[in-house]
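Letter by letter, the sequence shown follows residues 366 to 507 in this note's numbering. All C-beta atoms in this analysis are idealised placements derived from N, C-alpha and C, irrespective of residue type, glycine included.
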Amino acid sequence: MESVWTMGRGEGPLHQEFGWLVKGLEWAGEIIDVLAILLLLIGAIRFIVGVVQAELSRDSGVRFRGLNRERVELARYILSGLELLIVADIIRTALSLALSDLVFLGVLVLIRSVISFFLDRELEQLRQELSEPPLVAPHRED
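Right under this line is the structure:
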């Protein structure tokens, strides 16, 4: 007897009649995954370069604002990458006929949505900090 979780794992009418379309959508999902990973890597590289440039500044205010600016940019890349990964997961789940795949997609989307929510909140806070005038540290004489 087939489990509820694996029920429907076989090929449905879409797979039988439009195999070429299924293959194309599978490829599209894989390509979107690769593009999402590339987007995340580009964001990470830009973040590292920006942080190094900010850290080389002698002024602590410039360094702080530079770091926050880079964090905002990295968050944008992460959010975009997560959205693309969700698109690829939706494509794969649409092609699958198993309940377990649908549940797995639901959990993934929930996790990624929570991450996106908190990144959005942090992004908004960083934007507010960047729009405020920089704090000038009092000059200490030793």
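task: With DSSP collapsed to three states, give me the class of Ser496.
output: Counting from one through the sequence shown, the residue named residue 496 turns up at place 131. Here Ser496 sits in helix by DSSP.
- request: Spell out a yes or no on whether the segment 465-473 and the segment 392-401 are touching, meaning 3 or more CB-CB pairs, one atom from each, closer than 8 Å.
  value: no
- request: Please report the Cβ distance between Leu491 and Val437, rounded to the nearest whole angstrom; I am assuming they are in contact, meaning their Cβ atoms lie under 8 Å.
  value: Taking the sequence shown and counting its residues from 1, the one referred to as residue 491 is at position 126. Taking the sequence shown and counting its residues from 1, the one referred to as residue 437 is at position 72. Indeed they touch by this definition, with Cβ atoms about 5 Å apart.
query: Taking the alpha carbon of Val387 as the point to measure from, which residue in Leu495, Val472, Ser461 has its own alpha carbon closest?
result: Stepping through the sequence shown from its first residue, residue 387 is reached at position 22. Among Leu495, Val472, Ser461, the Cα nearest to that of Val387 belongs to Ser461.
query: Can you tell me whether DSSP reads Asp424 as helix, strand or coil?
result: Translated into positions along the sequence shown, residue 424 becomes position 59. The answer is coil: DSSP assigns Asp424 none of H, G, I, E or B.
task: Give me the Cα-Cα distance between Leu449 and Leu488, rounded to the nearest whole angstrom.
output: By one-based count along the sequence shown, residue 449 stands at place 84. By one-based count along the sequence shown, residue 488 stands at place 123. Near 19 Å, if we compare the C-alpha coordinates of Leu488 and Leu449.
- request: On a CA-only basis, which of Glu382, Gly389, Phe383 is nearest Arg457? Give me that one, please.
  value: Locating residue 457 in the sequence shown gives position 92, counting from the first residue. It is Gly389.
- prompt: If you check the beta carbons only, do Gly431 and Leu405 fall under 8 Å apart?
  reply: Here residue 431 refers to the residue found at position 66 when the sequence shown is read from its first residue. Here residue 405 refers to the residue found at position 40 when the sequence shown is read from its first residue. For Gly431 and Leu405, no; Cβs fall outside 8 Å.
field: Residue burial classification, Gly426 (beta-carbon count within 10 angstroms, cutoff 16)
entry: The residue given as residue 426 occupies position 61 in the sequence shown. Exposed: under 16 other Cβ atoms inside 10 Å.
message: Give me, in chain order, the residues of the same chain whose beta-carbon lies closer than 6 Å to that of Phe412; leave out the 5 immediate sequence neighbours on both sides.
response: By 1-based counting over the sequence shown, the position of residue 412 is 47. Taken in chain order, the residues that qualify are Glu435, Leu439.
field: Three-state class that DSSP yields for Phe469 in the structure shown
entry: Residue mapping note: residue 469 aligns to position 104 of the sequence shown, counting from 1. Helix at Phe469.
- prompt: Hey, would you say Leu444 sits closer than 8 Å to Leu475, going by beta carbons?
  reply: Working through the sequence shown from its first residue, we reach residue 444 at position 79. Working through the sequence shown from its first residue, we reach residue 475 at position 110. For Leu444 and Leu475, no; Cβs fall outside 8 Å.
Identity of the residue in Ala459, Phe429, Ile451, Ile480 nearest Ala401 by Cα: For the purposes of this step, residue 401 is taken as residue 36 along the sequence shown, with counting starting at 1. It is Ile451.
field: Identity of the residue in Arg441, Leu473, Gly471, Glu494 nearest Gly408 by Cα
entry: Counting from one through the sequence shown, the residue named residue 408 turns up at place 43. Nearest option by C-alpha distance: Arg441.
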